[in-house]
Each structure stands twice: as structure tokens, then as C-alpha cells.
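Using the numbering used here, the first residue of the sequence shown is number 61, and each one after it goes up by one. Notes follow once the structure below has been shown.
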Amino acid sequence: MSIFNRHAILVLEHSHQSFSVWIVEIIFRLCKSTLLICWTILLFLFELWDSLLL
Numbered sequence: 061m062s063i064f065n066r067h068a069i070l071v072l073e074h075s076h077q078s079f080s081v082w083i084v085e086i087i088f089r090l091c092k093s094t095l096l097i098c099w100t101i102l103l104f105l106f107e108l109w110d111s112l113l114l
């Protein structure tokens, strides 16, 4: 684990831009894996809002 931490620190010190790209990549992968869940929640909220308006 310490080897991984050292590598991460080296990468962070090497370039802030690569760190940003790494963060974006992780967020994108998370969004891709949870996209179905997000759409389900959005549809549920939309249906709920629709029923509240009626």
C-alpha cells in the first residue's frame, strides 16, 4: 500500500493536469456505471412531481 501511495504522490507532484484528468475519468466511469440508477431516480422523481401537480 505504501508503494502505491508513493506512486500516487509522485504522479500528483508530476502534473496537476494529469490528476484532473484522472478525477474526470473516475467520475465518468462512476456516472457510466450508475447511469441506469440515475435515470431511474430521475424518472421516479418526475413521476412524483407530476402526481403532486395533479
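Note that beta-carbon positions come from the ideal geometry of N, C-alpha and C, so glycine has one too.
Just the Cα atoms here: how many angstroms apart are R66 and C98?
-> Numbered from its first residue, the sequence shown carries residue 66 at position 6. Numbered from its first residue, the sequence shown carries residue 98 at position 38. Straight-line Cα distance between these residues: approximately 35 Å.
Alpha carbon of E85 to alpha carbon of L96, nearest angstrom = Mapped onto the sequence shown, residue 85 falls at position 25. Mapped onto the sequence shown, residue 96 falls at position 36. In a straight line, the C-alpha of E85 is about 18 Å away from that of L96.
Between the CA atoms of W109 and L30 - distance to the nearest angstrom | Beyond the ends of the chain as shown, which are 61 and 114, falls residue 30; an answer cannot be given.
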